[in-house]
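Residue numbers for the first sequence follow my numbering, so the first one is 523 and each next one is one higher.
Heads up: the structure comes next, in C-alpha cells.
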Amino acid sequence: MSQVRVRFAPSPTGFFHIGSARTALFNWLYARHTGGVFVLRIEDTDQARNSDEFLNLIYDSLSWLGLNWDEGPKAGGAFGPYRQSERAHIYREYLEKLKAAGRTYEKDGAVYFKLIGERSEVFDEHRKKTVTKVAAAPSVIDDQIRGRVERTEDEDFVIVRSDGNPVFHFVNVVDDIAMKITHVIRGEDHLSNSSKHVELFKAFGAPVPSYAHIPLILKQNGPGKMSKRDQGALIEEYRKRGFLPEALVNFLCLLGWNPGGDREKMPIAEIIQLFDLPGVNQSNARFDEKKLAHMNMAYLLELPADRFVATAREYFERQARESELPKPALVADAAYFREIMLLAQPKIKGLEELPAYTAYFFTDDFAIDAKVKEKVMAKGDPKARLNELVAALPAMDFSSDTAIEEAIKKVAAEKTLGFGDYQAVARLALSGTNAGPSITSMFRVLGRERVRARLERLL
RNA sequence: GUCCCCAUCGUCUAGCCUGGUUAGGACACUACCCUUUCACGGUAAGAACCGGGGUUCGAAUCCCCGUGGGGACGCCA
C-alpha cells in the first residue's frame with residue numbers, strides 16, 4: 523500500500539471557521555496517524571472573492587492550531603504550485619485530455635463535461651426551466667464513513683466558465699489526480715458533489731480516491747449548519763478570546779469522532795494514535811460552546827506556571843493592542859505580574875476573566891461593589907475588625923501565606939473571634955468584591971503598604 | 001420539488017457491525033460535601049434508545065415504511 527496523501531483545500535474567500543478547522547484537523551490527524559502527507563492547497567479560482575487577508579488568515583489559523591502541512595504554500599513540495607491561481611497551465615493540459623477523449627462540448631462560451639447516456643429535455647420545477655437530463659449510470663462513492671453511496675449524475679455540467687476560468691469540480695479533481703491524493707476527507711456538504719467528481723476521475727482514467735465525508739457542525743441555536751456568520755463560528759474569535767489551541771483542537775476532535783469508551787481529554791499524540799476514519803460518526807453535531815469552555819478550563823488548569831504566565835501576558839498584550847485602552851497589568855513589574863497570574867490560574871475558567879479578576883492588583887482605583895459592601899458592612903462590627911488588622915500589620919510576617927494566616931488567626935483569637943470574621947471585610951477592602959484568591963495570598967502579593975492603605979480607606 | 005446523508009438524555013456521545021447492559025460517560029442544570037470568599041474537586045439526583053410494522057424466545061442493536069433533522073441541486077468553493 524502506497525503512502526497516504528490527504529489535502530485540505532480551503533478557498534480564501536472568507537473568515538476561517540470551525541467547520542473548516544475541523545476538516546483540516548481530521549485530514550491532518552489521518553495523515554499523522556498513517557504516517558502520510560498532509561497537503562495544503564489553496565483553491566483560489568474565484569478571483570472576484572479572493573483576498574490576501576483571508577489567505578493569511580488560513581495560514582495563521584492552521585499554524586495556531588498546530589496543523590502543520592507537509593506540502594503547500596510556504597512548505598513547498600514536488601507537486602506545486604499549491605495555489606490554483608498558479609496552476610492554469612496544468613488545467614489547460616488536463617482539459618485537452620478530456621477534449622481528445624470527446625468528453626466535452628462548448629455552449630454559451632463555456633465548456634461542459636459530457637456524461638455518457640441518452641439525453642432528453644425535461645422541465646425542472648425547482649429551477650423553473652427546461653434542462654437536458656442524461657440517463658447515466660449511477661456513480662458509486664465508496665465512503666469510509668458512510669459505506670457505499672450511489673448517486674446518479676444526470677446533467678452535464680460546466681467545467682470551464684465562459685471567461686476561461688475552470689470551475690471547482692474540475693480543478694479539484696485535476697489537482698487531486700496531479701497531486702496523487704489518495705484520500706479525500708471533506709464535509710458532508712460535498713457528498714452530492716462526489717458523483718460529479720467520480721465521473722471526472724473516470725473520464726481521466728484515474729483511480730478514484732477513497733472518500734470520507736465527515737458530518738457537519740450545526741449551529742448552537744436554530745436550524746442549519748454553522749456558517750461564518752454564526753455566533754462563535756470563527757477560529758479567530760477563539761484566538762482573540764484567549765482560548766488555548768490545544769483545548770480547541772481536543773474539543774473539535776470530539777465533535778464527530780471519539781475513541782470509544784469514556785476518554786475525552788487527551789493529549790494530541792494519543793489522539794493521533796487512536797484516530798481513524800471508521801471511528802468518525804455519521805450524524806451531524808451541534809456546537810456547544812459551554813463544553814468547549816470547560817475543556818479550555820481543564821487545559822488552563824494544568825498549564826505549567828511559566829506557560830500560563832506567558833499565555834496570560836500575550837492575552838493582555840493582545841487586549842491592549844486591540845482596544846487601545848491603558849492596561850495597567852502590562853506596565854507592572856514582571857515578578858509581580860507573575861505572582862498575580864499564578865493566583866488567578868486555579869480560579870478562572872478562561873483567560874477572558876483575567877482582566878476583571880485581577881484588575882485591583884494593578885490599580886488602587888478599583889471599583890467597589892456596592893451590594894457586596896452593603897452586605898459586608900452590615901454584619902458584626904467590620905470597622906473594628908479593620909482597625910484590629912491595621913494595628914497588627916506592622917508586626918505581621920508577610921513571608922508566606924501560612925505566616926499571614928497565623929497572624930490573622932492570632933488577632934482573631936485575642937477577640938475570641940475566628941478567621942472568618944476578618945475575611946470578608948478584608949477582602950472587600952482589598953479588592954472591592956467578595957470573590958477572589960485566598961485573602962492571605964492577597965495580603966502577601968499586595969504587600970504591607972498597599973494592604974494598609976486599602977484597609978484604612980474603608981474606615 | 002428531485003436526489004443524497006443521518007436519527008440514544010437539553011447538548012456531545014459510549015453501546016449497534018458480532019441481538020440478552022440496572023442503556024455508561026462528559027457538558028449544562030439541581031442538591032449536598034469540601035472550604036476562609038469565589039472557583040476547583042467529590043457525592044447524589046433528574047434526564048434518552050423518534051413512531052409504526054417485521055424477523056427473533058428476546059431488538060437501542062438486524063430489515064421495511066413513516067416522521068423528523070441535515071445537505072446538495074450556481075459559469076461559488
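Note that beta-carbon positions come from the ideal geometry of N, C-alpha and C, so glycine has one too.
Owing to the predicted nature of the structure, the values given are computational and were not obtained by experimental measurement.
Leaving aside the five residues before and after residue i along the sequence, list all residues of the same chain whose C-beta is less than 8 Å from its C-beta, in chain order.
{"i": "Phe-838", "result": "Lys-849, Ala-851, Leu-852, Leu-876 and Pro-877"}
{"i": "Val-894", "result": "Leu-950, Gly-954, Thr-955 and Asn-956"}
{"i": "Asp-568", "result": "Ser-533 and Thr-535"}
{"i": "Ser-684", "result": "Asp-630, Gly-631 and Ala-632"}
{"i": "Ala-820", "result": "Ala-769 and Lys-787"}
{"i": "Val-693", "result": "Glu-565, Thr-567, Gln-606, Arg-609 and Tyr-613"}
{"i": "Lys-651", "result": "Phe-645"}
Tell me, which residues are paired with residue i by DSSP?
{"i": "Glu-672", "result": "Val-662"}
{"i": "Ala-632", "result": "Lys-629"}
{"i": "Pro-688", "result": "Val-682"}
{"i": "Leu-776", "result": "In DSSP, Leu-776 forms no bridge with anything."}
{"i": "Tyr-616", "result": "Its beta-bridge partners do not exist; DSSP assigns none."}
{"i": "Gly-709", "result": "Ile-736"}
{"i": "Ile-564", "result": "Arg-605"}
{"i": "Lys-747", "result": "Leu-740"}
{"i": "Leu-756", "result": "His-539"}
{"i": "Ala-857", "result": "DSSP output for Ala-857 lists no bridge partner at all."}
{"i": "Arg-808", "result": "Leu-740"}
{"i": "Val-696", "result": "The partner list for Val-696 (beta bridge, DSSP) is empty, contrary to what the question assumes."}
{"i": "Val-559", "result": "Arg-527"}
{"i": "Glu-593", "result": "Val-561"}
If we count the other Cβ atoms within 10 Å of its Cβ and call it buried at 16 or more, is residue i buried or exposed?
{"i": "Glu-608", "result": "exposed"}
{"i": "Leu-547", "result": "buried"}
{"i": "Val-644", "result": "exposed"}
{"i": "Gln-753", "result": "exposed"}
{"i": "Thr-674", "result": "exposed"}
{"i": "Asp-810", "result": "exposed"}
{"i": "Leu-823", "result": "exposed"}
{"i": "Lys-621", "result": "exposed"}
{"i": "Leu-637", "result": "buried"}
{"i": "Leu-481", "result": "Past the edges of the chain, shown from 523 to 981, lies residue 481, and the structure says nothing about it."}
{"i": "Gly-624", "result": "exposed"}
{"i": "Asp-566", "result": "buried"}
{"i": "Leu-981", "result": "exposed"}
{"i": "Pro-731", "result": "buried"}
{"i": "Asp-886", "result": "exposed"}
Which residue marks the beginning of the beta strand (DSSP E) containing residue i, and which one marks its end?
{"i": "Tyr-627", "result": "626-629"}
{"i": "Arg-527", "result": "527-530"}
{"i": "Thr-652", "result": "651-657"}
{"i": "Arg-641", "result": "640-646"}
Using a Cβ-Cβ cutoff of less than 6 Å, which residues in the same chain neighbour residue i once the five nearest sequence positions on both sides are dropped?
{"i": "Phe-601", "result": "Met-701"}
{"i": "Ile-793", "result": "Cys-775"}
{"i": "Val-933", "result": "Glu-910 and Ala-914"}
{"i": "Gly-599", "result": "Glu-593"}
{"i": "Tyr-858", "result": "none"}
Tell me which residue opens and which closes the alpha helix (DSSP H) that residue i is part of.
{"i": "Asp-923", "result": "923-936"}
{"i": "Lys-905", "result": "904-914"}
{"i": "Thr-545", "result": "540-556"}
{"i": "Ser-985", "result": "The structure shown does not extend to residue 985, since the chain is modelled only from 523 to 981, so the question has no answer here."}
{"i": "Phe-830", "result": "827-845"}
{"i": "Gln-795", "result": "790-796"}
{"i": "Gln-945", "result": "942-953"}
{"i": "Asn-818", "result": "811-823"}
{"i": "Pro-800", "result": "First-last for Pro-800: undefined, no H or E at that position."}
{"i": "Leu-968", "result": "961-968"}
{"i": "Met-918", "result": "Careful: Met-918 lies outside any alpha helix (DSSP H) and carries neither H nor E."}
{"i": "Pro-877", "result": "876-884"}
{"i": "Met-899", "result": "892-900"}
{"i": "Lys-718", "result": "716-725"}
Looking only at its own chain, which residues have a Cβ that is under 7 Å from the Cβ of residue i, when we skip the five neighbours before and after it?
{"i": "Pro-737", "result": "Glu-710, Gly-778, Asn-803, Gln-804, Ser-805, Asn-806 and Ala-807"}
{"i": "Tyr-760", "result": "Leu-770"}
{"i": "Ala-834", "result": "Met-863, Leu-873 and Leu-876"}
{"i": "Trp-550", "result": "Phe-560 and Leu-589"}
{"i": "Ala-657", "result": "Gly-639 and Glu-640"}
{"i": "Thr-556", "result": "Val-526"}
{"i": "Lys-619", "result": "Phe-726"}
Throw me the rounded Cβ distance for the residue i and residue j pair, which I believe falls under 8 Å.
{"i": "Lys-724", "j": "His-691", "result": "Going by Cβ atoms, the distance from Lys-724 to His-691 rounds to 13 Å, so no, they are not a contact pair."}
{"i": "Ala-951", "j": "Leu-977", "result": "5 Å"}
{"i": "Leu-562", "j": "Phe-530", "result": "6 Å"}
{"i": "Val-680", "j": "Tyr-627", "result": "The pair is not a contact, with the Cβ atoms about 11 Å apart (cut-off 8 Å)."}
{"i": "Leu-713", "j": "Val-671", "result": "7 Å"}
{"i": "Leu-799", "j": "Gln-666", "result": "4 Å"}
{"i": "Leu-587", "j": "Ala-543", "result": "6 Å"}
{"i": "Arg-966", "j": "Asp-923", "result": "6 Å"}
{"i": "Arg-860", "j": "Val-831", "result": "5 Å"}
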